[in-house]
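Read through the structure below, which is laid out as structure tokens, and then see the notes.
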Amino acid sequence: MKKKVFILSIICILIFCSACSRQEIKREKLISTDLSFVSIDGISIGMPIKTVELSKYTTISADKLVNNKNTDYFKGFHITTDDDGIIVLVKAIVGTDIQVFVNGVQPLLIDEVETLLGIHHNEYWFDREQRIKAYTYYDELNKIYATFAFSDFDNSLVWVILSK
Numbered sequence: 098m099k100k101k102v103f104i105l106s107i108i109c110i111l112i113f114c115s116a117c118s119r120q121e122i123k124r125e126k127l128i129s130t131d132l133s134f135v136s137i138d139g140i141s142i143g144m145p146i147k148t149v150e151l152s153k154y155t156t157i158s159a160d161k162l163v164n165n166k167n168t169d170y171f172k173g174f175h176i177t178t179d180d181d182g183i184i185v186l187v188k189a190i191v192g193t194d195i196q197v198f199v200n201g202v203q204p205l206l207i208d209e210v211e212t213l214l215g216i217h218h219n220e221y222w223f224d225r226e227q228r229i230k231a232y233t234y235y236d237e238l239n240k241i242y243a244t245f246a247f248s249d250f251d252n253s254l255v256w257v258i259l260s261k
């Protein structure tokens, strides 16, 4: 049973990483939105990685994934840092044990995200074949982007990407 769950987790991570790597986040012409209270499991862009308790996460072998420099892969998400160990990217699958918070609320639908963050976002097809759309917000003060990918079928969040 554990082996099946592990294999399924690996497959989900591979699909997640390949889908994210092919897609382009639309960052142009965005009005600033305060994203300082958006986090993935308490992890925010700009934090030193050494302040994050990584031992509580299940590590995924990077040799099964695209091995990006300064990237740590875990079940349900991954973190990329700059050369100084500052977090510059966090990608997480929604619905895993990883919790996404927006202003202290854990949204499950894109409508909830829009209620919390407002209408100043780009909306676009993130992966038309899988019918996944995305909203991207930008925080000009902190130089942070937050992309919320969601199913066009039921508006449920699929994954969240925080980046510099």
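In terms of my numbering, the sequence shown is residues 98 to 261. Idealized CB from N, CA, C, for every residue including glycine.
Is DSSP giving V255 helix, strand or coil here?
As a first step, residue 255 must be located in the sequence shown, where it is residue number 158. Reduced to three states, the DSSP call for V255 is strand.
Terminal residues of the continuous alpha helix (DSSP H) containing V210?
To locate residue 210, count along the sequence shown from 1; it is residue 113. Counting along the chain, the alpha helix (DSSP H) containing V210 begins and ends at I207 to L214.
Using a 10 Å radius around the Cβ and a threshold of 16 neighbouring Cβ atoms, would you call F171 buried or exposed?
Against the sequence shown, residue 171 aligns to sequence position 74. Residue environment: F171 is assigned as buried (16 or more neighbouring CB atoms within 10 Å of its CB, all protein chains considered).
Are at least three pairs of beta-carbons, each pair with one atom in the segment 230-238 and one in the segment 177-189, less than 8 Å apart?
no
If you drop the 5 nearest sequence neighbours on each side, which residues of the same chain put their C-beta closer than 7 Å to that of F245?
Position 148 of the sequence shown holds residue 245. Excluding positions up to five away in sequence, the list reads I207, V210, A231, Y232, L254 and V257.
If distances are taken between C-alpha atoms only, which option among F134, M144, S248 and E220 comes closest to L186?
Within the sequence shown, numbered from 1, the residue matching residue 186 stands at position 89. Comparing Cα-Cα distances from L186 to each of F134, M144, S248 and E220, the minimum goes to M144.
Which residues does DSSP pair with T177 in a beta bridge?
Position 80 of the sequence shown, counting from 1, holds the residue named residue 177. Paired residues: T168 and L186.
Should D179 be flagged as near chain D, meaning a C-beta pair shorter than 8 Å?
Absent from the structure is chain D; it holds one protein chain and no more.
Residues of its chain near D194, where Cβ-Cβ distance is below 8 Å and the 5 sequence neighbours each way are ignored:
Counting from one through the sequence shown, the residue named residue 194 turns up at place 97. Counting only Cβ-Cβ distances below 8 Å, and skipping sequence neighbours, we find K172 and G173.
Going straight from the alpha carbon of T130 to that of L205, what length do you get?
Indexing the sequence shown from 1 puts residue 130 at position 33. Indexing the sequence shown from 1 puts residue 205 at position 108. Taking the straight line joining both Cα atoms gives about 20 Å.
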